[in-house]
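What follows is a set of notes on a single structure, which appears directly below.
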Amino acid sequence: MSTDRSRSYEVYQRQTERDIPVVIPPGFSLAPEFVADPYPTLARLRDNYPCFRDWYTNTWWVTRYDDVTSLIADDASFTSRPRRLAYGADVAGQNLRDEPAVRNAFGHGMQHHAATVAEESLHSFATSAGGDLIADYVGPFTEELLARVIGVPKAESSRFSALWRAVDEGVGWHAGRQDRGRQAMTEMGDMLAKLIAQKRLDPSDDVLSALLIWQADASDVELADHAVATLLEVDLRTLEGSLANLLCLLMIHPDQHALVREDDEMLIRAWQETMRHSPPITEAHHYTTREVERFGMLLPNGGLVVCSAAAANRDPQTFSDADSFDITRKDLAYREPRGQFRIDGLPAGVAPGLAPLSKLPARPADRPPSHYALTAEAVVAAAGVLIAEAPLFRLDTSWRPPQVTCRWPGDVRTCRQMVVRAG
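Quick note: the sequence shown uses this note's numbering, first residue -4, plus one each step.
What follows is the structure in structure tokens.
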């Protein structure tokens, strides 16, 4: 039998104490201190392990920028799985995000409504003396934009958003959240089926009407199931999370905030630096499609590899002063990245929710914008409206300073409260 430790993932990869450069506790990703702040542990992993197997959760963690981006681009050996599988293989409907009619309607809606919805969301907030920027602006903006893109009336947008959040939060291993998500999925399907019936009589420029173009002879219930399945796979968490994180980082870094106020073209740089420094989706789960030897280890067929965007985006071998938020940094790509999250010879922040990226050198004129580009445009529009029309808001120091946090393992890492006042 071979004595090469890399040849067996069940026996020879069990390291002895003398083989371990830094001890990482089993199940570290489930620990409260990791949920509160993952970066110290991720730095130890990145500095000492090209790939770390956590036997407690039976996962392989990859944390270095070059390794993470190469793995995400390796379609031959690694694949992601639909989020809907969290609810079981019997979930009705199919993901139609790549159907031309649906994709075009979604893209047009995002581009057409973002600035208008931002102005409307800011109106009531800006006329007051201040408030919670997340609850009173970021949340309503995201809810109303999603509702208009899908084709949900304003009167039902809050309920629709609550159902969508419940469905989204049910993706995971928590039984209670999964049960609530399954119930919300049923309620959302019923709501959308009624709206689709109305769209048959009075179609408009939205996703629900696009479903009728795609397959007009399908029943309302079938199309509603397709809509729910599609919404589950389209990443909308990055839209809300990155907007909240962008505003939070600008507020706690007055020097960076001043640069954006002086030149609104710096906003896109600020968003891209936010996606590097504090991505709302901190990891991507990929599964091996075959037995693969990588990083000096033998990964079994079907093995779960956690690609840590949070660790990769602060890799000091890739980004200088990686823990600092700096919208003027010279080692970050400021255009939409391609393939392996690079363009112009520079790296970009790994954004798992916005992948896969286009591998084409440029976007043809007749091709719709990518989800990455649509999200960037919407966030920049919302942040730009706020900064232009309410430039004098300051953090209310009588409240706890805003923080980027998550509530449970695998949750969106974002700012959830930021109280500001005028003047």
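Just so it is clear, CB atoms sit at the ideal spot from N, CA and C, and this is done for glycine as well.
Note that this is a predicted model, so its numbers are computed, not measured.
| query | result |
| --- | --- |
| DSSP three-state assignment for residue 7, whether helix, strand or coil | In this prediction, residue 7 has a pLDDT of 47, which is less than 50 and means its spatial position is unreliable; what the coordinates show is noted afterwards. It is coil, neither helix nor strand. |
| DSSP state of residue 318 mapped onto helix, strand, coil | coil |
| For residue 49, three-class secondary structure by DSSP | strand |
| Cβ neighbours of residue 144 in the same chain (closer than 7 Å, five flanking residues each side left out) | 101, 104, 105, 108, 201 and 202 |
| Where the alpha helix (DSSP H) containing residue 394 begins and where it ends | Here residue 394 belongs to no alpha helix (DSSP H), and DSSP marks it neither H nor E. |
| Residues near residue 422 in its chain [Cβ-Cβ closer than 6 Å; skip 5 each side] | With the chain represented from -4 up to 418, any question about residue 422 goes unanswered, as that position is not in the structure. |
| Contained alpha helix (DSSP H) runs [length at least 4] in the segment 112 to 193, N- to C-terminal order | 134 to 145 and 152 to 164 |
| Three or more C-beta pairs below 8 Å linking the segment 410 to 418 and the segment 279 to 286 | no |
| Beta carbon proximity, residue 222 to chain B, threshold 8 Å | Among the chains in the structure shown there is no chain B, since it carries only a single protein chain. |
| Short Cβ contact (8 Å threshold) for residue 308 with residue 366 | no |
| Backbone secondary structure at residue 409 - three-state DSSP | strand |
| Per-residue burial, residue 318 [other beta carbons within 10 Å of its own, 16 or more giving buried] | exposed |
| Check whether residue 132 and residue 381 have beta carbons under 8 Å apart | yes |
| Option in 33, 379, 410 and 364 with minimal Cα separation from residue 99 | 364 |
| Exposed unless 16 or more other CB atoms sit within 10 angstroms - verdict on residue 403 | exposed |
| Alpha helix (DSSP H) runs contained entirely in the segment 215 to 290, provided each spans 4 or more residues | 215 to 228, 232 to 247, 249 to 257 and 261 to 272 |
| Span of the alpha helix (DSSP H) around residue 209 | 202 to 209 |
| Under the three-state DSSP convention, the category residue 352 falls into | coil |
| Assigned exposure category for residue 118 - 16 Cβ within 10 Å defines buried | exposed |
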